[in-house]
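**Q** Residue numbering for the sequence shown follows full-length UniProt numbering, starting at 1 and increasing by one per position.
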Amino acid sequence: REPRRHAEHADRTPSPRREDQREQWRAREQDENRRREGYEHEEEFDQRSQASTYRERPKPDKPRFVMSTFTGSDPEAWLNRIAQYFELNETEGHNRVRYAAFYLDGEANVWWQWLSMIYRRRQQIITWADFERELLTRFGTSDYHNYNEALARIRQIGNLHEYIKEFEQLACRVRDWSEDAVVGAFIGGLRFDLAAEVRLERPNTMHKAMEVARRREDHLVATRRGRADARYPETRRAQPDASN
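#1: Does DSSP classify Leu190 as helix, strand or coil?
#2: On the criterion of 16 or more Cβ atoms from any shown chain inside 10 Å, does Glu87 qualify as buried, or is it exposed?
#3: Find the nearest neighbour of Glu217 within the set Gln169, Arg81 and Leu194, judged by alpha-carbon distance.
#4: Given this structure, state the Cα-to-Cα distance separating Ser178 from Lys208, to the nearest angstrom.
#5: For the alpha helix (DSSP H) that contains Ile82, what are its first and last residues?
#6: Report the rounded CA-to-CA distance for Leu220 versus Arg199, giving the unit in angstroms.
#7: Roughly how many angstroms lie between the CA atoms of Leu135 and Asn146, to the nearest whole one?
#8: Considering only residues of the same chain and omitting the five flanking positions on each side of Thr91, which have a CB-CB separation below 7 Å?
#9: Grab me the residues of Leu104's own chain with a C-beta within less than 6 Å of its C-beta, minus the 5 sequence neighbours each way, in chain order.
#10: Taking the alpha-carbon of Glu166 as reference, which of Ile154, Arg175 and Val174 has the nearest alpha-carbon?
#11: Using CA coordinates, which residue listed in Glu162, Met117 and Ile157 is at the minimum distance from Phe192?
#12: Is Leu104 helix, strand or coil by DSSP?
#13: Out of Thr127, Gly184, Glu76 and Glu149, state which residue places its alpha-carbon closest to the alpha-carbon of Asn204.
#14: Nearest-angstrom Cα distance between Trp77 and Thr137?
#15: Ends of the alpha helix (DSSP H) at Phe167?
#16: Which residue comes first and which comes last in the alpha helix (DSSP H) that contains Phe139?
#17: What is the rounded straight-line gap between the Cα of Asn148 and the Cα of Glu168?
#18: Within the same chain, show all residues whose beta-carbon is closer than 6 Å to that of Asp31, passing over the 5 residues directly before and after it, in chain order.
#19: Thinking just about the alpha-carbon of each residue, which of Ile125, Leu160 and Ala150 is nearest to the one in residue 266?
#20: In the DSSP assignment, find the unbroken alpha helix (DSSP H) run with Arg155 in it and report its ends.
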């Protein structure tokens with residue numbers, strides 16, 4: 001039995017060749033694990049890098065806006081210009097008066113010093129609405145107080161292009177008009193037949209009202225032209241005789 005036991009033990013002992021194969025398998029497995037770990041770390045690094053780049057990406061620069069000073073001429077245009085400046089820079093209402101005063105010069109700056117003194121004596125704060133009203137009262141034309149009335153009474157006399165141009169010049173000078181009121185004034189001032197066509201589509205914005213007015217005007221012009229052609233057909237010229 002002893003020799004047989006030694007033989008069985010010898011069979012269970014791994015051969016050197018088999019041990020070499022196992023070592024090779026272990027080495028391959030370790031290399032594969034290292035590659036996987038390296039890939040995961042690299043992928044994680046790329047994700048972090050992309051996230052960091054996204055977070056650090058600078059916001060687009062705002063367009064350069066050079067605000068002109070106001071010395072007393074054309075106050076409506078200057079107020080419209082500074083309103084664009086405030087919108088671009090997201091200026092809050094309580095800062096608008098202080099910033100606008102910085103751009104007053106000459107006669108306008110003297111007026112501002114006087115106005116500030118009057119409001120301080122009254123212990124009142126100058127709001128942006130106060131500033132606009134006081135500025136237009138002081139430097140506006142004699143027609144300033146009539147802009148509301150002029151816009152309410154405007155009527156189309158010539159072509160649509162001229163009417164829109166005149167309407168826009170008045171509309172940009174009025175204050176405290178809602179868009180519904182401006183749209184109503186625009187449609188009410190159109191030529192009677194055109195106004196009736198525009199009302200059918202019930203536009204609720206100025207952009208829509210002007211777009212509808214142009215389209216309907218083109219349709220009316222084409223219709224009138226077609227009727228004129230039907231009423232006065234163009235006489236055909238006599239064709240020469242082919243036999244001659």
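Here a beta-carbon is modelled for each residue, glycine too, at the ideal position from N, C-alpha and C.
**A** From the atom records:
#1: coil
#2: exposed
#3: Leu194
#4: 15 Å
#5: Pro75 to Asn89
#6: 15 Å
#7: 16 Å
#8: Tyr99
#9: Phe70 and Trp112
#10: Ile154
#11: Ile157
#12: strand
#13: Gly184
#14: The identity of residue 77 in the sequence shown is Ala, whereas the question assumes Trp. Those two C-alpha atoms are separated by around 14 Å.
#15: Leu160 to Ala171
#16: Trp128 to Phe139
#17: 13 Å
#18: none
#19: This structure cannot speak to residue 266, because the chain is shown only from 1 to 244.
#20: Arg155 -> no alpha helix (DSSP H), and no H or E assigned at all.
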